[in-house]
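**Q** Sharing a structure with you now.
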């Protein structure tokens with residue numbers, strides 16, 4: 001199923017938490033939703049689930065408009081909120097059976113057993129939720145979000161409080177689930193997003209500031225300019241480089257040219273032609289890559 005938001009605006013008093021936010025997540029995509037604290041991530045996720053009303057705009061789940069009373073659409077959504085509210089006095093199996101009852105599942109006990117196995121709760125299943133560690137509580141939250149086999153999964157900070165071993169187990173679970181479902185997850189851990197997602201959406205102060213594939217965002221191709229590194233077998237002066245169509249600036253460092261161009265032009269092919277026309281051998285031709293954390297900081301601290 002697809003998720004589509006069109007010009008969503010949400011106000012809390014005079015504060016504009018979301019400002020004309022629009023994006024589409026296609027069926028089968030696993031998308032990371034990033035932003036600093038207070039950027040509007042959790043607000044947007046609550047709106048998509050139909051939990052929180054909004055002031056203007058539209059949200060569509062598989063081309064059907066969602067609203068707070070549209071129960072049929074909500075049946076297709078699994079949601080793990082950031083705070084993960086659980087009934088701590090209930091046993092794990094008891095809680096999951098009650099959750100399965102909310103969805104009128106006929107095979108409740110079988111489905112609960114499947115979720116316990118899937119989320120690695122087997123050794124803890126006879127404990128009360130209040131006796132569990134933070135990591136295992138997160139697993140219970142994931143189990144309740146998945147128990148009705150939703151087509152869309154909304155995960156708000158799903159790996160909060162997990163140790164490194166648990167972290168990798170939950171990441172692998174999300175990867176496996178993402179093969180069959182449309183998944184949107186928020187996280188402050190850049191390595192987690194890179195490990196799990198193929199696309200990211202970055203929101204800052206209620207507005208989308210980046211939306212694209214991981215490599216696309218890291219390369220800076222969503223920003224103003226493209227930067228590539230070129231090394232030739234023979235000396236080349238700056239005037240020659242500046243004559244290449246599309247080049248805006250060039251700096252020579254450590255025998256390598258750092259060449260900047262407008263993002264509308266992929267300068268690499270022009271540099272290659274320049275080398276051929278001047279009987280030069282290209283020893284290096286790489287597009288500048290940044291880590292996701294530095295790109296995130298650049299986009300959210302402007």
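In this note's numbering, the protein residues as written are 1 to 302. Virtual Cβ for every residue (Gly too), placed ideally from N, Cα, C.
What residues in its chain sit with their C-beta under 8 Å from that of residue 217, if we drop five residues either side in the sequence?
**A** The residues are 200, 202, 210, 292 and 295.
**Q** Measure from the alpha carbon of residue 23 to the alpha carbon of each residue in 12, 212, 171 and 83, then state which is nearest.
**A** 212
**Q** Could you pull the start and end residues of the beta strand (DSSP E) that residue 304 belongs to?
**A** Given that the chain is displayed from residue 1 to residue 302, the structure contains no residue 304 and the question cannot be resolved.
**Q** Is the number of C-beta pairs between the segment 96-105 and the segment 49-60 that are closer than 8 Å three or more?
**A** no
**Q** When you compare only the Cα positions, how much space is there between residue 122 and residue 160?
**A** 21 Å
**Q** Name the DSSP beta bridge partners of residue 79, please?
**A** Answer is 154.
**Q** Going along the chain, which residues of its own chain have a beta-carbon closer than 8 Å to the beta-carbon of residue 208, five neighbours each way excluded?
**A** 21, 22, 23, 201 and 202
**Q** State yes or no: is the C-beta of residue 9 within less than 8 Å of the C-beta of residue 57?
**A** yes
**Q** Whole angstroms are fine: how far does the CA of residue 147 sit from the CA of residue 112?
**A** 7 Å
**Q** DSSP three-state call for residue 252: helix, strand or coil?
**A** strand
**Q** Comparing alpha-carbon positions, which option in 232, 255 and 261 lies nearest residue 281?
**A** Closest option to residue 281, Cα to Cα, is 232.
**Q** Which residue comes first and which comes last in the beta strand (DSSP E) that contains residue 277?
**A** Where residue 277 is concerned, there is no enclosing beta strand (DSSP E), although the alpha helix (DSSP H) it sits in stretches over 267-277.
**Q** Restricting to runs no shorter than 3 residues, where is the beta strand (DSSP E) found entirely within the segment 193-231?
**A** 199-204 and 207-213
**Q** Note the first and the last residue of the continuous alpha helix (DSSP H) segment covering residue 169.
**A** First-last of the alpha helix (DSSP H) with residue 169: 164-178.
**Q** Which of the three DSSP states, helix, strand or coil, is assigned to residue 130?
**A** helix
**Q** Is DSSP giving residue 117 helix, strand or coil here?
**A** helix
**Q** Please report how far the alpha carbon of residue 260 lies from the alpha carbon of residue 197, in whole angstroms.
**A** 29 Å
**Q** Would you decide whether residue 12 is buried or exposed? Buried here means 16 or more other CB atoms lie within 10 Å of its CB.
**A** Counting every other CB atom within 10 Å of its CB across the protein chains shown gives residue 12 a total below 16, marking it as exposed.
**Q** Rounding to the nearest angstrom, what Cα-Cα distance links residue 134 and residue 140 in this structure?
**A** Going by the C-alpha atoms only, they are around 10 Å apart.
**Q** Along the beta strand (DSSP E) that carries residue 185, what are the first and last residues, could you check?
**A** For residue 185, the uninterrupted beta strand (DSSP E) run begins and ends at 182-186, by DSSP.
**Q** Going by beta carbon distance, what residues of the same chain come within less than 6 Å of residue 149, once the five residues before and after it are set aside?
**A** If we look at residue 149 and ignore the five residues flanking it on each side, it has no Cβ neighbours.
**Q** Thinking residue 182 and residue 72 are a contact (beta carbons under 8 Å), I'd like their distance in whole angstroms, please.
**A** Not a contact, Cβ separation roughly 17 Å.
**Q** Can you tell me whether DSSP reads residue 12 as helix, strand or coil?
**A** strand
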